[in-house]
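As structure tokens, the structure follows; a few thoughts come after it.
Chains as they are written, first to last, in the numbering used here: chain C, 1 to 305; chain G, 1001 to 1305; chain U, 2001 to 2305; chain S, 3001 to 3305.
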């Protein structure tokens, strides 16, 4: 299997889909994204990188940052983390608030907005005012690209428009499951969402999850092999909101989608993959990136199942 | 890795747990189960079988029968099946009815009680009065054990006490997502639950899911490789009710639990595993079988992640 | 205030609305109702009756029968009734099942379908095989019209199509809040719904609730004054599903709507009112009968507020 | 009926209950309330005032302020108010957030916390920076007591601990049903809750609702007779959270409870009643004030039913 050839074929097959779907428009910085852009990158645990399309384009990584927040919070609290956030799929989206009610403020999983507020709170308690810088540093070191930065405009706009996220933060706080102020935690969450990277950066940054917890770029033992495996299980069961089952069904790999149109996926022991195209399908997942990953999985037979 | 040795070690390690948890007691036939029983069996795609413990003991396979019903309904309708049942985790248990309401009678997934009613309805429409016999035949041929049979007493008791299941059937029917009478479909569902087998039978019967859809016992192409892979994805995301995420986290294999204390799991390409011990933990999953699978996964490193 | 003149004025004012809305069509016997029919009748505690429109037309009283079932169950169990059914508004309709789940089978109120199943079950336990006849007798004696009868066709059709009601009955039974078989209780419920009467019958039959529990027609002390007052409170807070607040807001009288297009209302100490017109608004309440009662309340100033 | 004698009897009968229940303790200012205090006052539309017990004691009026906010918002927007808030009971408490989700940010009724946020927002849009002063002025003029004031400490503590209220405000804002900033609206809400008055003040201040919208103290036409009647209907159906039906059942009068232990009730055309005792029952309603109103209603036969 020649991965570059496969990527080229995938890019060719999804071309006809470019322009379908709708770019997220709740903030101007996302609404201006060009829906005809597409990029896909693969980073292998051996250190090879393959890419196709607009691989130099930067985009905010949005909800994919929840994977980093989970990793760091899991490292800090280990299994005590599960006292503060569960690891089950939330069912349908409208349940997020209902679930919080019924579970008395314990988010269903760390890849929901509510869950990421809790993991960010864990990190904030541990690192205090170093938190913001350390969140950026984590992504930079994982990807080996020290020029990765926050997009300040996006962070501010997310905060301004992120009323639902703040509602979640206050609700969690009302159940005493936040150790820091809801506004502070929310702002850190918005900053993580506003970290900008390319598909290559993104694929490289997640390699530690395909490599038993060891980052092949920095050689750092980020987390244990057991923890990496378990994060992958959460990605598979909860990585795509209430269409996680659909992604597992179609693609069969642990992954995480986000509103800017990126999707990251992992082939345990082998590689990390990132695909990006801004226009979303009705479920809020990138229409083209999703198709690209499905085609890739079919062509390569790479699936955990 | 010597599988028999590993099984022996697992059996030894879970011994101290025997007797913990509670046997399901909603019908006498389940309540009388001996909570100190334990069995575990492995069937490999090469045709080997390994087992430990009470491997000759028969138990009703209860919800694990949903995997067979899903397989047969998927074979009958192929992708049209997904118009009648979704393939997403339902979130918390109480959501089952709420989800049915909000989705206008489309069950969240085929491994929920509601979903199994729909898959059974699909089979009933296709096979008519041959249905009951054909459901048994499917299990018999898959396991290579033609002496497998319904436990008539359990079927009748399940029907008598299965008021919630009948409520689901009527509710689905009220949304016009049943083609047959709710009572008929429910009764067939209860019969499937009442099929009795040993751990060895169970492990053998599921091998086709670990073997790209081909049953190594009958050599039959039960379903396509693609369908098998996709059923496995549903097992992983939805196989254990609202603790599916927990099972994926701890064991990392596609699987299905049931109220009689059995759990089946699959290692794609390699083997099917069945573990059984009647006493359940607070989530309704066999306490000892669950621990046994977790220990087995840790010892062998067999995990899809 | 001349009640006949007022009724004539009301009839005149609603004429332009006749034909708007939609007749319930889930069973043919309801679907064939003529949407241009309209009747309104007033029965006073002094024994006077006033009516306008199609006052000889018979219609099935459907959910208004829940008021009779509540009355009889309340008489049988007195305050013990509230261990089996609550007396709170259920919030939105979809909550009915969710509420049953969360309350472990205790319906939110006796005027919901779930609640009427419980009150009917109470009556059935008390009266055994006399139940069906006694339910009819109660309505006959209250209205002073011994020719009132079940519409057998409607009862059978309701049963055939009433899958949601049966789902509720099974669900309540699954929580052990039914003493009789779900199918038996459901059938009795459908029979009550299928009792046919005119607006005059209906107004007369409810007079005991406006008259401190004493039926002015039979002189019977049906229930205590305190119980009558309390049933009226339940009519006001729960009489119109999830638009009960709207009815209280617009009309300001205790009342009960039903799917055949009838609405009954009470002016405590003074009179009972029945209005009927088959076409329903989007909330499932008779569009014209609702308007007629609002106009009547405005013209007469009769409101409990 | 001598109202003073009746009040004395009521006070005597509830004495044995004093000390039962639990004082709200989410903020210190409420937790220090003396649970043995009790007061009850009646103000008639003729101008008479009767009282018994600790009638000079001041308490924060908490949720009873929602009645004033509703009155003012209804006066400002008239029937357009119902585009922004519904007037139906929310069902059980946990539904508040779920209901907001399903109704896309339209609170179920103006007497819920979510609803009061919307009515306060309506007032804020109309009055701008005069709002805070005008809210106090409204209460002062209604009661004829110009010394009524905010308890600044309570307002600040409510704001600090009112994370759930802020969650609601942000959630409503996320659905674009707030015209002002969630924090500003929340703070104004907390100030209203922190207005302190005696039972006499409270009874007098609500007389306009028993007097067709005319305040007998200031002679002001606060709202129309029709609006007053309709506010009363909302008090009856929604005035006591998810135990509104219970209050209607037991007391039979429009009313509003609050967490500081006060309950206000209205006898249309006749009087306003306020009862207060700090300890709450399990439903969050004053145990003694609730009993006092029930006894009062029974003794006097004053009930809208």
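Built from N, CA and C at the ideal position, the CB exists for glycine as well.
Please read all numbers here as calculations on a predicted model, not as lab measurements.
Give the range of the alpha helix (DSSP H) segment to which residue i is assigned.
i: residue 1187 (chain G); result: 1182-1193
i: residue 3068 (chain S); result: 3065-3077
i: residue 1234 (chain G); result: 1225-1238
i: residue 1020 (chain G); result: No alpha helix (DSSP H) holds residue 1020 (chain G); DSSP gives it neither H nor E.
i: residue 3216 (chain S); result: Per DSSP, residue 3216 (chain S) belongs to no alpha helix (DSSP H) and is neither H nor E.
i: residue 1175 (chain G); result: Taken as a continuous stretch (DSSP letters only), residue 1175 (chain G) belongs to no alpha helix (DSSP H), as it is neither H nor E.
i: residue 2029 (chain U); result: 2028-2031
i: residue 2204 (chain U); result: 2199-2205
Against residue i, what residues of chain C qualify as contacts under a CB-to-CB distance less than 9 Å, listed in chain order?
i: residue 3173 (chain S); result: 163, 164, 166 and 167
Give a yes or no on whether the C-beta atoms belonging to residue i and residue j are separated by under 8 Å.
i: residue 163 (chain C); j: residue 3173 (chain S); result: yes
i: residue 1209 (chain G); j: residue 236 (chain C); result: no
i: residue 2034 (chain U); j: residue 2278 (chain U); result: yes
i: residue 100 (chain C); j: residue 52 (chain C); result: no
i: residue 227 (chain C); j: residue 69 (chain C); result: no
i: residue 2023 (chain U); j: residue 2292 (chain U); result: no
i: residue 151 (chain C); j: residue 194 (chain C); result: yes
i: residue 2043 (chain U); j: residue 2204 (chain U); result: yes
i: residue 2159 (chain U); j: residue 2190 (chain U); result: yes
i: residue 3276 (chain S); j: residue 3297 (chain S); result: no
i: residue 1253 (chain G); j: residue 1206 (chain G); result: no
i: residue 2076 (chain U); j: residue 2123 (chain U); result: yes
With residue i as the anchor, note down where its beta strand (DSSP E) starts and where it stops.
i: residue 245 (chain C); result: Looking at the DSSP string, residue 245 (chain C) is not in any beta strand (DSSP E); the run it does join, the alpha helix (DSSP H), is 244-250.
i: residue 3051 (chain S); result: 3049-3053
i: residue 1036 (chain G); result: Careful: residue 1036 (chain G) lies outside any beta strand (DSSP E) and carries neither H nor E.
Please list, in chain order, the chain U residues whose beta carbon lies closer than 9 Å to that of residue i.
i: residue 3268 (chain S); result: 2303, 2304 and 2305
Note down, in chain order, every chain C residue with its Cβ under 8 Å from the Cβ of residue i.
i: residue 3182 (chain S); result: 163 and 166
List the residues of chain S that residue i touches, going by C-beta distances under 7 Å, in chain order.
i: residue 1954 (chain U); result: Nothing about residue 1954 (chain U) can be read from this structure; chain U reaches only from 2001 to 2305.
What residues from chain G crowd round residue i, counting only those whose CB sits closer than 7 Å?
i: residue 229 (chain C); result: 1252, 1303 and 1305
For a contact defined as C-beta to C-beta under 9 Å, what are the partners of residue i on chain G?
i: residue 2189 (chain U); result: Going along chain G, no residue has its Cβ under 9 Å from residue 2189 (chain U), so there is no contact; the nearest lies around 14 Å.
Residue i touches chain C at which residues, Cβ-Cβ below 7 Å?
i: residue 1005 (chain G); result: Simply none; closest approach about 22 Å.
List, in chain order, every chain U residue whose beta-carbon is nearer than 8 Å to that of residue i.
i: residue 1170 (chain G); result: 2163, 2164, 2166, 2167 and 2170
Name the chain S residues whose beta carbon is nearer than 8 Å to that of residue i?
i: residue 2242 (chain U); result: 3088
Quick one: which chain U residues come within Cβ less than 7 Å of residue i?
i: residue 3248 (chain S); result: 2233, 2236 and 2237
Segments of 4+ residues assigned as alpha helix (DSSP H) that fall wholly inside the stretch 104-158 of chain C: DSSP runs (the alpha helix (DSSP H)) wholly in the stretch 104-158 of chain C: 113-127 and 131-143.
Contiguous alpha helix (DSSP H) assignments of at least 4 residues, all confined to the stretch 250-300 of chain C: The alpha helix (DSSP H) runs of length 4 or more contained entirely in the stretch 250-300 of chain C are, from start to end of the chain, 287-300.
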